[in-house]
Amino acid sequence: MQNCSIGQVVYSKMGRDQGKVFVVVEIDEEYVYLADGKLRKIENPKKKKIKHIQITNNILGNLREKITKGMKVSNADIRKSLKPFEVMKENQELN
């Protein structure tokens, strides 16, 4: 199993959401639950196998802290935190 933690930024490698950026909001043995604040909101995260995601070295500390402490995380917080990664992904695709 790859090392994955709550608050970590990941990219989808498989499925109709391939290439999209998400944040890990929950972890099971074989699955992770992902949210992007737009289509996959914190209230209804995407269940995805760990082998179907590309893990980055980026962890969103503010979101991680809120999730682990049981504080409310808004979808706007997730969108704002993931915005730089979406822009970076778009720039890589253009080059």
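So for the sequence shown, our numbering puts the first residue at 19; every next one is plus one.
The beta-carbon is built from N, C-alpha and C at its ideal position, and this holds for glycine as well.
Environment of residue i [buried if 16+ CB atoms lie within 10 Å]
i, result
"Gly-25", "buried"
"Lys-101", "exposed"
Spatial neighbours of residue i in its chain, beta-carbon cut-off 8 Å, leaving aside the 5 residues before and after
i, result
"Val-91", "Val-43, Ile-60, Leu-81, Lys-84, Ile-85"
"Asp-95", "Gly-55, Asn-80, Leu-81, Lys-84"
"Cys-22", "Val-28, Val-42, Ile-45, Val-50, Ile-68, Ile-71, Ile-73"
"Arg-97", "Asp-54, Gly-55, Lys-56"
DSSP three-state assignment for residue i, whether helix, strand or coil
i, result
"Asn-62", "coil"
"Leu-52", "strand"
"Lys-67", "strand"
"Glu-47", "coil"
"Ile-96", "helix"
"Asn-76", "strand"
Distance CB(residue i)-CB(residue j) smaller than 8 Å
i, j, result
"Val-41", "Leu-52", "yes"
"Lys-66", "Ser-99", "no"
Neighbourhood of residue i by C-beta distance below 7 Å, restricted to the same chain and skipping five residues each side
i, result
"Glu-104", "Val-39"
"Pro-63", "Val-43, Glu-44, Tyr-51, Leu-52, Ala-53"
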